[in-house]
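S.K.: Sharing a structure, written as structure tokens. Questions coming.
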Amino acid sequence: MTFSQSALNDWQQGEFNSLEASTTFDLNQTVFIDTLKIKSQIKGALGFLYKKDSKTFTETYFPTENKVYSEVVFSYPLGWKVDPFFSFSIATQMIESYKYANKIKNITANFWDPVTLQQNLGFEKYIKKSNYTFTSNVGLSLKQIRTDKNYLLSDDRLTKNVIEKYKTESGIRIKSEFNWDFSKNINYRGCLELFGKLDDLNKWSVKNNNSLKICIYKCFAILLSLDVSYDENQATYMQYKQNLNLGIVADF
């Protein structure tokens, strides 16, 4: 959980107030059924920013974090250099998301609108050491995007008179995850995911998530995160999100 607040009132900038709060959770669990390994993950984040500016006479609030993601991975260790695996995942938003343009609130997403489902089949490499773990897999992938009112990700721009609310893609997915404990108080997590469509492997979407946690005293920690992504279905430029917070962190 993180929290930040600022306020000022002077002759240079006038009156300005802001308030931001967010919470995130990340649940990972691995179980074995005989030799079958099942790894599950649920991640969620929800945060809000409130701003009041007397110069522009605006009072706005909007979500700064708004996502939920779940993935289940089945892998069967065979003693090979790589193991066969199958996984499926779901990604959507927790609540309504929007952005402001010319003081007008434009809704961009909502819970289950859009929702992305993905299934992957291929081979996985898993390395576990005393202070880090590394997982990398590559395989064929099927992706389905379902929408209702927010159809930016599903609509085909070539069919101008028709709005598609369902889209399916097949391609190749490469995903690598890294978890490294530099020391007892410092932990780094990174994830790099690439997806290329089979009908055009010259175009790839990229997601790179990085987080650094530095515990300073008991449950208080500095949290630094940087997420970078590129997906032509969303935008024709590199998207990024960077946060530096002092917050309360609990590990179970």
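One rule links them: number in the numbering used here = place in the sequence shown (from 1) + 1271.
We put the beta carbon where it would ideally sit given N, CA and C, even for glycine.
Classify Val-1433 as buried or exposed, calling it buried when 16 or more other Cβ atoms lie within 10 Å of its own Cβ.
M.R.: With fewer than 16 other Cβ atoms within 10 Å, it is exposed.
S.K.: Tell me whether the segment 1398-1411 and the segment 1359-1376 touch, counting them as touching only if at least three CB pairs, one residue from each stretch, are closer than 8 Å.
M.R.: With the cut-off at 8 Å, the segment 1398-1411 and the segment 1359-1376 do not touch.
S.K.: Mark Glu-1395 as exposed unless 16 or more other C-beta atoms lie within 10 angstroms of its C-beta, in which case mark it buried.
M.R.: When all chains shown are included, Glu-1395 counts as buried.
S.K.: Looking at C-beta atoms only, is the number of pairs between the segment 1302-1314 and the segment 1331-1350 that lie closer than 8 Å three or more?
M.R.: A contact exists between the segment 1302-1314 and the segment 1331-1350.
S.K.: Determine the closest residue to Asn-1504 out of Trp-1451, Leu-1472 and Leu-1423, with distance taken between C-alpha atoms.
M.R.: Of Trp-1451, Leu-1472 and Leu-1423, the residue nearest in Cα terms is Leu-1423.
S.K.: Find the nearest neighbour of Tyr-1321 within the set Val-1477, Ile-1493 and Ser-1275, judged by alpha-carbon distance.
M.R.: Ranking the options by Cα distance to Tyr-1321, first place goes to Ser-1275.
S.K.: Which ranges does the beta strand (DSSP E) cover as unbroken runs of at least 3 residues, wholly within the segment 1429-1516, from first to last along the chain?
M.R.: Counting whole runs of 3 or more residues, the segment 1429-1516 contains the beta strand (DSSP E) stretches 1437-1452, 1457-1468, 1471-1488 and 1491-1501.
S.K.: Comparing alpha-carbon positions, which option in Lys-1474, Thr-1329 and Thr-1294 lies nearest Phe-1319?
M.R.: For Phe-1319, the nearest C-alpha among the options comes from Thr-1294.
S.K.: Per DSSP, Glu-1291 forms a beta bridge with which residues?
M.R.: Ser-1275 and Leu-1320, per the DSSP bridge assignment.
S.K.: Since Arg-1460 and Ser-1412 should fall inside the 8 Å C-beta cutoff, what is the C-beta to C-beta distance between them, to a whole number of angstroms?
M.R.: At roughly 23 Å, the Cβ-Cβ gap does not stay under 8 Å, so Arg-1460 and Ser-1412 are not in contact.
S.K.: Does the distance from the CB of Ile-1366 to the CB of Leu-1388 come in under 8 Å?
M.R.: Contact: no.
S.K.: Taking Ile-1519 and Cys-1486 to be in contact with their CB atoms under 8 Å, please state how far apart those CB atoms are, rounded to whole angstroms.
M.R.: Going by Cβ atoms, the distance from Ile-1519 to Cys-1486 rounds to 11 Å, so no, they are not a contact pair.
S.K.: Using a threshold of 8 Å, state whether the C-beta atoms of Pro-1348 and Thr-1306 are closer than that.
M.R.: Yes, the Cβ-Cβ distance between Pro-1348 and Thr-1306 is below 8 Å.
S.K.: Under the three-state reduction of DSSP, which class applies to Ala-1521: helix, strand or coil?
M.R.: In this structure, Ala-1521 counts as coil in the three-state DSSP scheme.
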